[in-house]
Amino acid sequence: MKRALLFPGQGSQAIGMGKELCGAFQTAKDVFQEIDDALSQKLSTLMFEGSDADLKLTENTQPALMAVSMAVIRVLEKDGGKKLTDLASYVAGHSLGEYAALCAAGTFTIADTARLLRKRGSAMQAAVPVGVGSMAALLGVDMTQAAEVAAEAAQGQVCAAANDNAVGQVVISGHKEAIERAVAIAATKGFKRSVILPVSAPFHCSLMQPAADAMQEALAQVKMNAPVVPVIANVTASEQTDVNEIRTLLVAQVTGAVRWRESMLYLKEKGIEGAIEAGSGTVLAGLMKRIDKEIQVASLHTPQDIEAFLKTV
């Protein structure tokens, strides 16, 4: 079966994530220790038994989610005896998950990925004062409809489609007042439902430009290798292997829309029949069911998940 590896983004975090892996596999414990050392922080302790409020701080969320993803990948490789190229023909990650995907594919080291995501999280939080920006999920709409609502709601402020997650699920991002206007406009058009999201900043819109500038500087200073399998870039929904292009697209991703639905359909066009969601939660498996039911997704985030999966490959 031709597979892709998928890596979750913000919203998949939960206190306790990775703790079972750490207890069951020395390999996973080593990954968490490496990330703790790279950040000079006991991030693993926060993940396993900290407060939900601290974990939700995006500067913690981003490296924490990557940590669980990479613990799963290293266990599959070291304990399961599988090379990444045995497991997948492509990698893709949702927003911050793209960094985990690139780390898995050998573009970044684990330590560099942790530091990049700490920088990315801090820069995204600092880009817009708390309370100025917001995000909302528009349900029952497509990308074109969401863009039309956003344009009508902007009224001189920023309001844009930020995540095309699945059929009928598009997230918009921008100034708080504009997002509230968009939700009201969506209601008048008879769309299924709109939900203001509990996020700390308006991700993936032009308000994030200061964070994009910070990531351009950070990425310019990090060694990058060509991925061992192609990565599907969020902003193009197509495969990339050139390091310079990947760097450029990671910068563009901070302010650009996450084209997840299109990315998954691209994988289908390339013959992908199965996918492995490596990391916390089952969000990506849920989205895949809405995008294409024919692609089977195994979500791996516990020792039992990994052991069951290894029996099938």
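Numbers 1089 to 1401, taken from my numbering, label the letters of the sequence shown in order.
All residues carry an ideal CB built from backbone N, CA and C; glycine is no exception.
Small disclaimer: the values here were computed from a predicted structure and weren't measured.
Exercise. Looking at residue 1275 and residue 1282, is the spacing between their C-beta atoms short of 9 Å?
Worked result: yes
Exercise. Who does residue 1187 pair with in a DSSP beta bridge?
Worked result: According to DSSP, which records beta bridges pairwise, residue 1187 is partnered with nothing at all.
Exercise. Where DSSP assigns a beta bridge to residue 1231, which residues make up the other side?
Worked result: For residue 1231, which the question treats as bridged, DSSP gives no partner whatsoever.
Problem set entry | Distance, residue 1190 Cα to residue 1317 Cα | 9 Å
For this session: Compute the Euclidean distance between the alpha carbons of residue 1344 and residue 1238, then round it to the nearest angstrom.
Result: 15 Å
Exercise. Quick one: what's got a C-beta closer than 8 Å to residue 1155's C-beta in the same chain, skipping five residues either side?
Worked result: 1106, 1119, 1120, 1123, 1131, 1132, 1135, 1202
Exercise. When you compare only the Cα positions, how much space is there between residue 1270 and residue 1163?
Worked result: 44 Å
For this session: Figure out for me which residue from 1300, 1142, 1378, 1103 has the closest Cα to the Cα of residue 1368.
Result: 1103
Exercise. Whose CA, out of 1175, 1115, 1233, 1377, lies closest to the CA of residue 1249?
Worked result: 1233
Exercise. In terms of residue numbering, what span does the alpha helix (DSSP H) encompassing residue 1091 cover?
Worked result: From DSSP, residue 1091 is part of no alpha helix (DSSP H) but of the beta strand (DSSP E) over 1091 to 1095.
Exercise. Is DSSP giving residue 1375 helix, strand or coil here?
Worked result: helix
Exercise. Any idea what DSSP makes of residue 1222, helix, strand or coil?
Worked result: strand
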